Amino acid sequence: MEFKAVLKEPQKLAINEAIRTARFVRNKVLRYWMDNRGTGKKELYRYNTQLREEFKFVKDLNSHACQASVENVERAIKRFFDNCKNKVPGKKGYPRFKKYFRSVEYKQSGWKLSPDKKSIKFTDKKGIGQVKLKGTWDLWRFDQKLIKRVRIVQRADGYYVQFCVKIDNSEQLEATGFTVGLDVGLKEFYTDSDGYTERLPRFYRNGEKRLKFYQRRVSRKKKGSANRKKAINKLGRQHLKISRQREEHAKRLARCVIRSNDLVAYVRAACRRQDLRVKNLVKNHCLAKSINDAGWYQFREWLEYFGQKFGRVTVAVNPAYTSQNCSSCGKVVKKSLSTRTHICECGCQLDRDHNAAKNILTRALSTVGHTGTFLNARGESTSTLLGSGLDEQVGSLNRESPGF
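Residues are numbered in the working numbering as their position in the sequence shown, beginning at 1, plus a constant of 318.
Written as structure tokens, this is what we have:
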């Protein structure tokens, strides 16, 4: 959950100093790992302790906040080695230094909530002090022991305080008896297996004129001047507005789709093998802007989140030949990207995306089985990557289908 922070100018300066310190610790620990290959987790934390003894401004930051910066490096290193081990195509994500850092993260110390839960006090020596919280979340309902992390985030329109709360927010819904397959696209945001299409909002395209206006204003200002900083802030606010519109649109649609169906099948848009690789698709300079504006990856993430929350099944299907195969007879009907209508010799004539959505649903049902049994041993729904067998299945499924 997230709250807007109501701050005075000295508090903003103190938060900026805390963020710079967290970035300093992260970059120094990363440099230590680069210079001493083979160092493990313990050595990184020991070096963090040395930094606190050597630099006073590091010691002024809460010790757990410094540890959070070390954990940031740990995750980057682990992700790099995992990508190398799994032979992920392309760049493996070698850890890099951070020039721009916009957050500082505290664990369960260094802060204290007020009794009314409407303000938070940061108790380290950075001088942030009491911060008033502005938002609609019911933070007072949670015990402070359940709050595992507190993060201060800087954005173009101000500062925000985020709380990571350990709670069970699952909600069981009654079965609807419906299943659906979704095919995302650039003509429509998605087309489902029933033929329904959702309009593509094109938030970036609609706001592009305003973005160019603010970008020109930034270019005209003298570098390093106060006016240039103000112009950059206005440009950042416009980008932030567009990203929030896209996020809210994906969240709203995903919630609606999940609540209305017991099973949702879709083409996985991620950066892994056998998936629809958005990273590769945007290399097409003619479609890159439209693909990034569509927000397929955000939509997929919210589908999986709400699927887990509401006890529904989300199934990621291998995209191979979903557009080329006939959903009626299964015959391959080759077509170019410009061909928008699927016409088969068997008499099946559908919109290209509608045909693909039906194929996506068919693949999901043929592999998973009966839709009433999609719960693992703990009673939680799972997300499964389908296609070339079940070699990348997440979790386990209890199935009644006799074919498994």
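C-beta atoms are modelled at their ideal positions from N, C-alpha and C, and glycine is treated no differently. Please read all numbers here as calculations on a predicted model, not as lab measurements.
Sequence-distant residues of its chain with Cβ nearer than 7 Å to residue i (five each side left out)
{"i": "residue 490", "result": "629"}
{"i": "residue 577", "result": "491 and 628"}
{"i": "residue 375", "result": "339"}
{"i": "residue 378", "result": "442, 443 and 444"}
{"i": "residue 497", "result": "579, 580, 581, 679, 683 and 689"}
Neighbour flag for residue i against chain C, beta carbons, 8 Å
{"i": "residue 671", "result": "Among the chains of the structure shown, chain C does not appear; only one protein chain is present."}
Sequence-distant residues of the same chain with beta carbon closer than 8 Å to residue i, five excluded per side
{"i": "residue 488", "result": "626, 627, 628, 629 and 698"}
{"i": "residue 653", "result": "641, 642, 660 and 670"}
{"i": "residue 346", "result": "365 and 369"}
C-beta atoms of residue i and residue j nearer than 8 Å
{"i": "residue 394", "j": "residue 499", "result": "no"}
{"i": "residue 481", "j": "residue 319", "result": "yes"}
{"i": "residue 387", "j": "residue 344", "result": "yes"}
{"i": "residue 550", "j": "residue 422", "result": "no"}
{"i": "residue 455", "j": "residue 321", "result": "yes"}
{"i": "residue 558", "j": "residue 475", "result": "yes"}
Collapsed DSSP secondary structure at residue i in the structure displayed
{"i": "residue 644", "result": "coil"}
{"i": "residue 406", "result": "coil"}
{"i": "residue 518", "result": "coil"}
{"i": "residue 442", "result": "coil"}
{"i": "residue 482", "result": "strand"}
{"i": "residue 623", "result": "helix"}
{"i": "residue 429", "result": "strand"}
{"i": "residue 321", "result": "strand"}
{"i": "residue 491", "result": "coil"}
{"i": "residue 466", "result": "strand"}
{"i": "residue 651", "result": "coil"}
{"i": "residue 611", "result": "helix"}
Environment of residue i [buried if 16+ CB atoms lie within 10 Å]
{"i": "residue 323", "result": "buried"}
{"i": "residue 501", "result": "buried"}
{"i": "residue 399", "result": "exposed"}
{"i": "residue 631", "result": "buried"}
{"i": "residue 329", "result": "buried"}
{"i": "residue 676", "result": "buried"}
Cβ neighbours of residue i in the same chain (closer than 6 Å, five flanking residues each side left out)
{"i": "residue 432", "result": "none"}
{"i": "residue 484", "result": "464 and 466"}
{"i": "residue 522", "result": "560 and 611"}
{"i": "residue 317", "result": "The structure shown has nothing for residue 317, since the chain only spans 319 to 722."}
{"i": "residue 519", "result": "567"}
{"i": "residue 529", "result": "556"}
{"i": "residue 457", "result": "435"}
Quick check: the segment 354 to 362 against the segment 438 to 454, are there 3 or more CB pairs under 8 Å?
no
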